[in-house]
């Protein structure tokens with residue numbers, strides 16, 4: 033599988049696209065006025081402790097206080113030198129209101145929720161993750177070769193000194209890394225943590241202690257691997273910064289970072305913008321003629337699978353199986369592309385054959401295995417639904433690029449002109465009963481006025497007779513279909 037990374041830079045916005053075999057799989061967007069916070073370290077102050085929720089709200093200098101759950105607090109958070117215990121503890125025993133605390137952002141603010149925090153600090157480098165409050169050496173589960181796992185375990189263990197507390201995790205990128213490269217990463221992380229510790233001691237509550245790398249450099253650290261054939265960057269200054277980082281930390285892959293100088297926009301060249309626009313739509317068409325309907329809500333995301341124009345060639349069960357198998361692969365890609373997380377409910381086409389259900393579930397799990405975000409799939413429920421979760425650390429693509437429609441306020445539907453007419457009639461009766469008026473002026477949108485003068489003209493005459501006052505209509509072109517005013521004159 034060949035991978036390419038495209039970096040598109042415009043003033044105050046950077047977009048990164050990951051393509052696998054020429055197909056867009058993931059999009060990341062960072063704007064200078066709303067950079068992600070995940071990985072940042074802050075000096076916080078406990079503003080409220082909530083025993084009922086086993087959590088605390090922490091002021092870290094943002095618009096909304098951040099959320100810290102008891103399970104995300106190291107038992108020795110005041111020293112950050114012991115291994116966190118798994119046994120439950122009361123939040124009041126861990127933090128007190130007014131206390132200063134060093135915290136790291138786990139999840140960006142999402143919707144109306146503040147950022148999610150932890151005191152289990154982790155600092156990543158190219159090959160390693162340093163855990164100041166941890167012990168020993170851990171390995172990425174994606175490193176499967178047992179001989180390589182043993183080599184890495186031994187290489188790091190021989191460098192770890194008992195007087196230097198902390199633990200390390202070898203990242204997936206660390207597979208086949210040389211001993212010298214691992215040692216260099218350990219020294220870099222050790223010096224970085226010393227600097228953070230000094231800054232933290234001197235900082236005031238609300239101060240940013242350490243900020244993660246900007247998106248273009250971060251993707252080199254986190255996503256660059258032997259499988260990535262090239263990284264194409266369309267802005268020279270960003271290219272130079274990425275090139276310098278690559279030459280310093282991943283020199284063997286540095287030649288793959290290239291400056292794109294073509295006249296045609298790089299995302300147009302690969303059709304990325306068209307894919308992004310399609311990812312903002314509810315409907316996803318399948319090659320067979322079937323389609324998906326994806327709805328994102330506050331509580332969960334739902335995916336409905338439909339056969340559409342696909343009628344198959346044998347029977348209904350065979351048609352359902354083929355559509356569901358294709359849908360399983362498409363769903364895995366869409367979840368990653370749209371960055372959908374939390375609870376996800378998938379309504380596959382009903383199947384009676386248990387073996388067919390198992391095949392679809394296996395296809396979904398296999399497709400999700402390529403997703404770097406942690407996910408968990410449950411069995412098919414009694415209602416024929418597949419429940420799953422996908423870890424969410426940042427806003428979805430829709431929430432980054434879109435806002436609720438000001439006309440329908442996010443409902444996705446509008447009252448019909450006929451419904452608004454009856455709202456108008458009720459308001460006329462209400463106004464006429466409260467005030468002494470000579471005339472009533474109805475101000476509404478063109479579609480509503482058209483219905484009042486046509487289909488509902490008899491109803492309007494009846495209302496006029498009921499109130500005993502003349503009713504005049506006026507079109508307001510700036511009004512949405514649901515907006516109207518009844519003005520007594």
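Residue numbers (the numbering used here): 33 to 521.
Idealized CB from N, CA, C, for every residue including glycine.
Sequence-distant partners of residue 225 (beyond 5 residues in either direction) whose C-beta falls short of 8 Å from its own C-beta, in its chain, are 155, 162, 164 and 198. If one requires a minimum length of 4 residues, the alpha helix (DSSP H) runs lying completely within the region 117–150 are 123–126, in chain order.
Our two residues, residue 143 and residue 336, have alpha carbons roughly 24 Å apart in a direct line. For residue 317, DSSP records a beta bridge to 323.
Across the set 93, 134 and 95, the C-alpha of 134 shows the shortest separation from the C-alpha of residue 104. In chain order, 472, 474, 495, 499, 503 and 518 place their CB closer than 8 Å to the CB of residue 460, counting only its own chain and leaving out the 5 sequence neighbours on each side. Proximity to residue 439 across 469, 490, 510 and 233 peaks at 510, based on C-alpha coordinates. With respect to residue 40, residue 299 sits close: the two C-beta atoms are nearer than 8 Å. Contact between residue 47 and residue 61 holds, with the beta-carbon distance rounding to 5 Å and staying under 8 Å.
Residue burial annotation: residue 136 is buried, with at least 16 other C-beta atoms found within 10 angstroms of its C-beta. In the three-state DSSP reduction, residue 152 falls in the coil class, being neither helix nor strand. In this structure residue 169 is in contact with residue 185, their Cβ atoms being roughly 6 Å apart against a cut-off of 8 Å. Closest in alpha carbon position to residue 153, among 457, 72 and 410, is 72. Collapsing the DSSP output to three states places residue 248 in a helix.
In the three-state reduction of the DSSP assignment, residue 473 falls in the strand class. Judged by DSSP secondary structure, residue 419 falls within the beta strand (DSSP E) whose first and last residues are 418–422. By the neighbour-count definition (other C-beta atoms within 10 Å, threshold 16), residue 139 is a buried residue.
If only complete runs of 3 or more residues are kept, the region 340–424 shows the beta strand (DSSP E) at 374–379, 407–412 and 418–422, in order along the chain.
For residue 52, the closest of 66, 37 and 65 by C-alpha to C-alpha distance is 37. Secondary structure note for residue 506: its beta strand (DSSP E) is the uninterrupted segment 503–507. Between residue 328 and residue 428, the gap from beta carbon to beta carbon is short of 8 Å. Residue 497 is not bridged by DSSP to any residue. Taking 3 residues as the minimum length, the beta strand (DSSP E) runs contained wholly in the region 208–247 are 240–242, in order along the chain.
For residue 486, there is no enclosing alpha helix (DSSP H), since its DSSP letter is neither H nor E. Judged by DSSP in its simplified three-state form, residue 305 adopts helix.
In this structure, the beta-carbon distance from residue 262 to residue 288 falls below 8 Å.
Using a Cβ distance threshold of 8 Å, residue 396 and residue 409 count as a contacting pair. CA-CA distance, residue 384 to residue 349, rounds to 7 Å. For residue 426, same chain residues with a beta-carbon under 7 Å away, outside a window of 5 residues either side, are 68, 70, 140 and 371 in chain order. Bounds of the alpha helix (DSSP H) holding residue 449 are 449–466. In the three-state reduction of the DSSP assignment, residue 256 falls in the coil class. Ranked by Cα distance from residue 368, the options 246, 469, 206 and 311 are led by 311. Classified as exposed, residue 296 has fewer than 16 neighbouring CB atoms from the shown chains inside 10 Å of its CB. In this structure, the straight-line span from the alpha carbon of residue 254 to that of residue 59 is close to 14 Å.
Looking at the DSSP output, residue 71 bridges to nothing. The alpha carbon of residue 456 has as its nearest neighbour, out of 414, 292, 506 and 407, the alpha carbon of 506.
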